[in-house]
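Counting in the numbering used here, the sequence shown tops out at residue 392, every number present. We put the beta carbon where it would ideally sit given N, CA and C, even for glycine. Working notes, structure below.
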Amino acid sequence: MNYLLNPDFKLIYSNKSAGDLYFKHTWKDTLILISQVEWEILNHLVTHKDCQLSLEFISKNFEAEENVLQDLIQYSEEIGLLMTEDAFKIYLLQKSANQKAHFSAWKLILSQCFYFLSIPIEFIGKGNLRFYKIAKIPLEKSWMEFIAQKKWVQLAGQLLTLFLLLAGIFPLLFIDGYVQKWLDIDLHSNQLLLPFLISGLLFTTFLHEFAHYLIYLKYGGLVADLGFSLVLGFIPFVHINTNSLHFWENQKHRITVITAGIFFDISLLVGINVILQQISDITWISHWKILQCFIAFRILFNAIPFIPGTDGYFLLTEWMGEPALFHEASRSFQKWKSNFFHRNEIAITGKDYLYLSYIVLSYCFITAYYCLLALWIIIPYLISVFP
């Protein structure tokens, strides 16, 4: 019987010390864990297409019993990693039917546009009001991966970030009255302001995510996606899905990947001071200052640990040692609510109270954000109606 490995499972992390391999299904998002030995056996079986040869391979290299192969085949078929040729044909039909069921006309148009650009976009359409995943672009074998994997690019990126930081801090520390001069400049606008801000924010957002990606690849990351999502229901959010990060054993490397984006944004924020020193046009100085303000707001928003999906949130999960912090906090809140309203006697631990305080703060921050947004939209209208 001929077997095939499911190509939709991608290796996202290899734990060399433990000999474990982590695979992720590209469109079902399921995770599986198998050992390096099991993977070698499966590859031998698929390559040689002969169970007897694979049994000889096992006995020669691993000194295992004969029933190991049969158990491994059964387990791999159950999780969908290994398939017979007939089962694979059925699987492809199911995959095609699933894609058609979730593929509307606008998705087809967008897919064709990205196809002409050689960009394989995949639509997701999953999530909730806090974080809704729209689509992703696999970066495997892309030009972005090709560039970011080069050691000199990784080094150049780190040196550029350091240079921007030092060069931007210099006028703040050594030019008398620089901060006051920055504050005293009047804001000016022209027809180029909006295009400048939109293109500047898009470009700097890309650089922010590229900083995450560079460090992720530097420390051994394998597979990543460029994701497009909505935060808090409506805020467009471009991000790098570092699929294997929470499996990494080295916490220092995990924290470095998480903080890379914010650190680059801070460097960029102060680095714009170098540009302000070189231009004399008051209008363009004003444009760059407004861009600085937007970048500063993005840094503050991204550093808030009480909004799931931000860099601040992932830093807090690292500090608390709980990758699924919001989920666990929601469970603690449900336990407390069940005790309070239904009088159920469910034991609440000290950690539950900690999680409860987190979920309360999280909802407060999210509510405050919506209120500020509403005021930002409503107040100009009220001013125009009631001068």
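Original post:
To which residues of the same chain is Leu36 closer than 6 angstroms at the C-beta, ignoring the five residues directly before and after it?
Top reply: Reading the sequence shown from its first residue, position 31 is the one you call residue 36. Lys29.
**Q.** Assigned secondary structure, Ile190 (DSSP; H/G/I helix, E/B strand, else coil)
**A.** Residue numbering aside, residue 190 sits at position 185 when the sequence shown is read from its first letter. Coil.
- Message: Tell me the rounded alpha-carbon separation between Asn246 and Gly232.
- Response: Within the sequence shown, residue 246 is the residue found at index 241, counting from 1. Within the sequence shown, residue 232 is the residue found at index 227, counting from 1. For Asn246 and Gly232, the distance between alpha carbons rounds to 6 angstroms.
Look at Ile300 and Thr209 and say whether their C-beta atoms are less than 8 angstroms apart.
Here residue 300 is taken as the residue at index 295 of the sequence shown, counted from 1. Here residue 209 is taken as the residue at index 204 of the sequence shown, counted from 1. Cβ distance < 8 angstroms, so Ile300 and Thr209 count as in contact.
task: Go ahead and label Leu188 buried or exposed: buried means 16 or more other beta carbons lie within 10 angstroms of its beta carbon, across all protein chains shown.
output: In the sequence shown, the residue the question calls residue 188 occupies position 183. Under this definition Leu188 is an exposed residue.
Within a Cβ cutoff of 8 angstroms, which residues of the same chain sit near Thr288, ignoring the five residues on either side of it in sequence? Sequence index remark: in the sequence shown, residue 288 carries index 283 (1-based). Same-chain partners within the cutoff: His193, Ser194, Asn195.
*Terminal residues of the continuous alpha helix (DSSP H) containing Leu86?*
Numbered from 1 along the sequence shown, position 81 holds the residue referred to as residue 86. First-last for Leu86: undefined, no H or E at that position.
Exercise. With DSSP run on the structure shown, which of helix, strand or coil describes Ser362?
Worked result: Reading the sequence shown from its first residue, position 357 is the one you call residue 362. Ser362 sits in a helix when the DSSP states are folded into three classes.
key: Three-state class that DSSP yields for Leu134 in the structure shown   = Numbered from its first residue, the sequence shown carries residue 134 at position 129. In the structure shown, Leu134 sits in coil (DSSP, three-state: anything other than H, G, I, E or B).
field: contact_flag[the stretch 140–153, the stretch 249–256] where n(CB pairs < 8 angstroms) is 3 or more
entry: Under the Cβ criterion (8 angstroms, minimum of three pairs), the stretch 140–153 does not count as touching the stretch 249–256.
Checklist entry - Among residues of its own chain, excluding the 5 on either side of Trp327, which ones have a beta-carbon nearer than 8 angstroms to its beta-carbon? => result The sequence position of residue 327 within the sequence shown is 322, counting from 1. With the sequence shown as reference, residue 327 is identified as Glu, and Trp is not the correct amino acid for it. Counting only Cβ-Cβ distances below 8 angstroms, and skipping sequence neighbours, we find Glu333.
*To the nearest angstrom, how far is it from the Cα of Pro241 to the Cα of Asp230?*
Within the sequence shown, numbered from 1, the residue matching residue 241 stands at position 236. Within the sequence shown, numbered from 1, the residue matching residue 230 stands at position 225. Distance between the alpha carbons of Pro241 and Asp230 is about 16 angstroms.
What residue does the alpha helix (DSSP H) around Ile124 start on, and which one ends it?
-> On the sequence shown, position 119 is the one that residue 124 refers to. For Ile124, there is no enclosing alpha helix (DSSP H), since its DSSP letter is neither H nor E.
* Which whole-angstrom value describes the C-beta separation of Asn278 and Leu177, a residue pair presumed to lie in contact below a C-beta threshold of 8 angstroms? -> Against the sequence shown, residue 278 aligns to sequence position 273. Against the sequence shown, residue 177 aligns to sequence position 172. Sure, about 7 angstroms apart at Cβ, within 8 angstroms.
key: Test item: CB-CB of Leu212 and Ile295 under 8 angstroms   = Position 207 of the sequence shown holds residue 212. Position 290 of the sequence shown holds residue 295. At a Cβ-Cβ threshold of 8 angstroms, Leu212 and Ile295 do not count as neighbours.
Exercise for the section: Ignoring anything shorter than 3 residues or poking outside the stretch 184–260, list the beta strand (DSSP E) runs there in chain order. Expected result: You should have 229–236, 240–247.
*Nearest residue (CA-CA) to Lys33, options Trp44, Gly85, Asn20, Ser81*: Your numbering for residue 33 matches position 28 in the sequence shown. Taking only the C-alpha atoms, the option nearest Lys33 is Gly85.
task = In the DSSP assignment, find the beta strand (DSSP E) that holds Lys15 and state where it starts and stops.
result = For the purposes of this step, residue 15 is identified with residue 10 of the sequence shown, where counting begins at 1. Annotation: the continuous beta strand (DSSP E) that includes Lys15 extends over 14–20.
Collapsed DSSP secondary structure at Leu47 in the structure displayed: Indexing the sequence shown from 1 puts residue 47 at position 42. In the structure shown, Leu47 sits in a helix (DSSP, three-state: H, G or I).
Q. For Phe179, is the classification buried or exposed, using 16 other Cβ atoms within 10 angstroms of its Cβ as the cut-off for buried?
A. Counting from one through the sequence shown, the residue named residue 179 turns up at place 174. Exposed, because fewer than 16 other Cβ atoms sit within 10 Å of the Cβ of Phe179.
- What number of angstroms, rounded off, separates the C-alpha of Asp270 from the C-alpha of Gln57? Position 265 of the sequence shown, counted from the first residue, corresponds to residue 270. Position 52 of the sequence shown, counted from the first residue, corresponds to residue 57. Each residue's CA atom was taken as its position, placing Asp270 and Gln57 some 58 angstroms apart.
* Rounded C-beta distance between Ile139 and Ile129? I'm assuming under 8 angstroms. -> To locate residue 139, count along the sequence shown from 1; it is residue 134. To locate residue 129, count along the sequence shown from 1; it is residue 124. Between Ile139 and Ile129, the beta carbon gap of about 6 angstroms places them in contact (Cβ cut-off 8 angstroms).
Can you look up Ile309 in the DSSP assignment and give me helix, strand or coil? The residue given as residue 309 occupies position 304 in the sequence shown. Residue state, collapsed to three classes: coil.
Taking Leu144 as the reference, give the member of Val228, Pro313, Leu16 with the closest Cα.
Taking the sequence shown and counting its residues from 1, the one referred to as residue 144 is at position 139. The residue with the shortest Cα to Cα distance from Leu144 is Val228.
Practice problem: Return the residue from the list Lys21, Val73, Thr31 that minimises the CA-CA distance to Ile46. | Solution: Stepping through the sequence shown from its first residue, residue 46 is reached at position 41. Comparing Cα-Cα distances from Ile46 to each of Lys21, Val73, Thr31, the minimum goes to Val73.
Taking the beta carbon of Gly24 as the centre, do at least 16 other beta carbons fall within 10 Å, making it buried, or is it exposed?
Within the sequence shown, numbered from 1, the residue matching residue 24 stands at position 19. Taking a 10 Å sphere around the C-beta of Gly24, we find fewer than 16 other C-beta atoms and assign the residue as exposed.
**Item:** Gln297 classed as buried or exposed, judged by whether at least 16 other C-beta atoms fall within 10 angstroms
**Value:** Residue numbering aside, residue 297 sits at position 292 when the sequence shown is read from its first letter. By the neighbour-count definition (other C-beta atoms within 10 Å, threshold 16), Gln297 is a buried residue.
In terms of residue numbering, what span does the alpha helix (DSSP H) encompassing Leu60 cover?
Residue 60 sits at position 55 when you count from the first residue of the sequence shown. Annotation: the continuous alpha helix (DSSP H) that includes Leu60 extends over 56–66.
Worksheet item: In three-state DSSP terms, what is Ser147?
Response: For this step, residue 147 is matched to residue 142 along the sequence shown. Here Ser147 sits in coil by DSSP.
Can you tell me whether Ile284 is helix, strand or coil according to DSSP? Stepping through the sequence shown from its first residue, residue 284 is reached at position 279. Assignment of Ile284 by DSSP, reduced to helix, strand and coil, places it in the coil class.
Inset, instruction - Within 10 angstroms of the Cβ of Met88, are there 16 or more other Cβ atoms? Answer buried if so, exposed if not. - result: Walking along the sequence shown from the start, residue 88 turns up at place 83. Buried, because 16 or more other Cβ atoms sit within 10 Å of the Cβ of Met88.
**Message:** Per DSSP, what are the beta-bridge partners of Ile39 in this structure?
**Reply:** For the purposes of this step, residue 39 is taken as residue 34 along the sequence shown, with counting starting at 1. Here Ile39 is bridged, per DSSP, to Leu26.
Margin query: At the level of alpha carbons, what is the spacing between Asp191 and His292?
Written below: Translated into the one-based positions of the sequence shown, residue 191 becomes position 186. Translated into the one-based positions of the sequence shown, residue 292 becomes position 287. Each residue's CA atom was taken as its position, placing Asp191 and His292 some 11 angstroms apart.
Next on the checklist: In the DSSP assignment, the alpha helix (DSSP H) including Ile174 goes from what residue to what residue?
Outcome noted: Within the sequence shown, numbered from 1, the residue matching residue 174 stands at position 169. Counting along the chain, the alpha helix (DSSP H) containing Ile174 begins and ends at 156–179.
_Within 10 Å of its beta-carbon, does Leu377 have 16 or more other beta-carbons around it, so buried, or fewer, so exposed?_
Counting from one through the sequence shown, the residue named residue 377 turns up at place 372. So Leu377 counts as exposed.
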